[in-house]
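Engineer:
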Amino acid sequence: MSTLTHSTPAPAQPSTDTRRQATARRRTPGHALLSKGVVNGLLILAVCYTLMPVSWLLIAATKNHRDLFATSGFTLGHFDLLANLRHVFTVNDGIYLRWFGNSVLYSVVGSAASTLICVATGYAFDKYDFRGKEKLFGLVLGGVLVPSTVIQLPMYLLAGKAGIVNTYWALLLPALVNPFGVYLARVFSEGYVPAEVLEAARVDGAGELRTFARIALPMLAPGFMTIFLFSFTASWNNFFGALVMLNDDHLYPVSLGLFMWNSVTQQQPEYYSLVITGSLVAVLPLIVAFVCLQRFWRSGLTAGAVK
């Protein structure tokens with residue numbers, strides 16, 4: 001007599017999707033709300049910390065000299081912003097406008113030329129092979145590690161030998177050298193300019209200079225604007241270099257001019273309002289630059305994120 005054995009089927013293993021759905025159901029809505037609340041709270045604190053100095057500057061620029069010292073920092077006084085602006089632009093024969101124009105010259109012209117050089121150099125490091133290429137690029141990266149304040153004295157001595165101390169060239173020429181910009185330009189060139197496109201242009205008879213100007217440079221527009229914003233911000237906030245190189249107050253950028261005004265506030269307290277209002281005006285170009293060029297900035301930061 002034979003014995004019949006019935007095998008019990010093994011229980012089916014839950015699929016990956018089923019496990020994910022079970023895990024999602026176990027998550028309570030309160031936990032998700034708590035996580036979002038913590039993240040949003042930290043973001044709000046960061047925003048408040050960032051905007052607090054600017055908000056104080058904006059409120060203080062609307063006060064007259066008496067309210068500036070008679071009221072607390074974030075308390076509104078008599079609205080005298082227009083009067084303060086008029087005083088800033090007219091004091092000392094309108095020297096502030098001269099400083100502002102100098103800053104625009106140093107930042108816009110110097111940064112545009114520096115960015116073009118950086119983009120061309122980074123493109124060359126990426127697309128061309130030559131002897132000692134990586135060693136030379138390592139030397140460029142070494143320049144990133146050197147603080148700018150360390151080389152101010154050697155640059156001053158070199159400028160003195162060249163006879164350009166206390167001239168516009170004393171700030172424009174050093175601004176052309178930007179090792180970090182060269183590094184960024186090489187990264188952007190690797191991500192934005194396919195070698196196949198350049199090869200097709202060469203097959204069609206385009207020279208190297210025309211290929212760079214007509215094909216590679218338009219492709220590198222996000223990288224160009226990203227490097228330009230970095231360079232523009234550094235040039236606009238350049239204080240120590242101008243302090244070392246310049247003696248003529250008609251050549252000062254706005255940062256050095258405001259420092260000179262601030263240095264006489266102990267003897268002439270009415271300059272406090274000039275320094276505060278002038279600082280507010282000096283911040284505006286940076287805000288305008290980032291707002292107008294933010295689409296290039298965002299695309300530059302996400303370069304290579306999606307393939």
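Each step along the sequence shown adds one to the number in the UniProt record's numbering, with nothing skipped, and position 94 is 94. Glycine is no exception: its CB is placed at the ideal position from the N, C-alpha and C atoms.
How is the alpha helix (DSSP H) around Y128 delimited, first residue to last?
Structural biologist: Sequence index remark: in the sequence shown, residue 128 carries index 128 (1-based). Note, Y128: premise wrong, no alpha helix (DSSP H); not H, not E.
Engineer: Return yes when the Cβ of F69 is within less than 9 Å of the Cβ of S55, no when it is not.
Structural biologist: Taking the sequence shown and counting its residues from 1, the one referred to as residue 55 is at position 55. Taking the sequence shown and counting its residues from 1, the one referred to as residue 69 is at position 69. No; because the gap between Cβ atoms is not below 9 Å, this pair is not in contact.
Engineer: Which same chain residues end up closer than 6 Å to G94 when comparing Cβ atoms and leaving out the 5 residues on each side of it in sequence?
Structural biologist: Taking the sequence shown and counting its residues from 1, one reaches residue 94 at position 94. Taken in chain order, the list of residues that qualify is empty.
Engineer: Does the beta-carbon of D80 have 16 or more other beta-carbons within 10 angstroms, so that it is buried, or is it exposed?
Structural biologist: For the purposes of this step, residue 80 is taken as the residue at position 80 of the sequence shown. Buried: at least 16 other Cβ atoms inside 10 Å.
Engineer: At a cut of 8 Å, does the stretch 146-153 reach the stretch 264-282 through at least three beta carbon pairs?
Structural biologist: Touching, no.
Engineer: I need the boundaries of the alpha helix (DSSP H) containing F239, first residue and last residue.
Structural biologist: As a working mapping, residue 239 is identified with position 239 in the sequence shown. It is not in any alpha helix (DSSP H) - F239 carries neither H nor E in the DSSP assignment.
Engineer: Tell me the rounded alpha-carbon separation between S235 and L57.
Structural biologist: Numbered from 1 along the sequence shown, position 235 holds the residue referred to as residue 235. Numbered from 1 along the sequence shown, position 57 holds the residue referred to as residue 57. Roughly 22 Å separates the two Cα atoms.
Engineer: Going by C-alpha distance, which of L51, T71, V88, G223 is nearest L258?
Structural biologist: Taking the first residue of the sequence shown as 1, we reach residue 258 at position 258. With distances taken between Cα atoms, L258 lies closest to V88.
Engineer: DSSP state of D248, grouped into three classes?
Structural biologist: On the sequence shown, residue 248 is found 248 positions in, with the first residue counted as 1. D248: coil per DSSP, three-state reduction.
Engineer: Under DSSP, the alpha helix (DSSP H) around L158 begins and ends at which residues?
Structural biologist: Within the sequence shown, numbered from 1, the residue matching residue 158 stands at position 158. L158 -> alpha helix (DSSP H) spans 152-162.
Engineer: In angstroms with no decimal places, state the Cα-to-Cα distance between L251 and R86.
Structural biologist: Position 251 of the sequence shown, counted from the start, is the residue given in the question as residue 251. Position 86 of the sequence shown, counted from the start, is the residue given in the question as residue 86. Going by the C-alpha atoms only, they are around 22 Å apart.
Engineer: How big is the Cα-Cα spacing for A24 and G37?
Structural biologist: Indexing the sequence shown from 1 puts residue 24 at position 24. Indexing the sequence shown from 1 puts residue 37 at position 37. Caution is warranted here: a pLDDT of 49 is assigned to A24, below 50, making its placement in the model unreliable, and the coordinate value is therefore given only provisionally. Rounded to the nearest angstrom, the two C-alpha atoms are 19 Å apart.
Engineer: When DSSP labels each residue in this structure, what does H87 get in the three-state scheme?
Structural biologist: The residue labelled residue 87 in the question sits at position 87 within the sequence shown. Looking at H87 - three-state DSSP - the assignment turns out to be helix.
Engineer: Are the CB atoms of I215 and N178 nearer to each other than 9 Å?
Structural biologist: As a first step, residue 215 must be located in the sequence shown, where it is residue number 215. As a first step, residue 178 must be located in the sequence shown, where it is residue number 178. No, the pair does not count as a contact, with Cβ atoms beyond the cut-off.
Engineer: Kindly indicate which residue of V283, Q152, L293 has the alpha-carbon position closest to the one of P222.
Structural biologist: The residue you call residue 222 lines up with position 222 of the sequence shown. P222 has its Cα closest to that of L293, out of V283, Q152, L293.
Engineer: What would DSSP say about G207, mapped onto helix, strand or coil?
Structural biologist: Numbered from 1 along the sequence shown, position 207 holds the residue referred to as residue 207. In this structure, G207 counts as coil in the three-state DSSP scheme.
Engineer: Taking V119 as the reference, give the member of S189, L42, N262, P285 with the closest Cα.
Structural biologist: Counting from one through the sequence shown, the residue named residue 119 turns up at place 119. Among S189, L42, N262, P285, the Cα nearest to that of V119 is on S189.
Engineer: Which residue comes first and which comes last in the alpha helix (DSSP H) that contains A70?
Structural biologist: Indexing the sequence shown from 1 puts residue 70 at position 70. From DSSP, the alpha helix (DSSP H) with A70 extends over 65-70.
Engineer: If you follow the alpha helix (DSSP H) that V193 is in, where does it begin and where does it stop?
Structural biologist: If you number the sequence shown from 1, residue 193 lands on position 193. Run containing V193: none; DSSP gives neither H nor E here.
Engineer: Taking F228 as the reference, which of S114, V288, F239 has the closest Cα?
Structural biologist: Along the sequence shown, read from residue 1 onward, the residue named residue 228 stands at position 228. If we check each option's Cα against that of F228, S114 comes out closest.
Engineer: In angstroms, rounded to a whole number, what distance separates the CA positions of L280 and L173?
Structural biologist: Sequence index remark: in the sequence shown, residue 280 carries index 280 (1-based). Sequence index remark: in the sequence shown, residue 173 carries index 173 (1-based). Taking the straight line from one Cα to the other gives about 28 Å.
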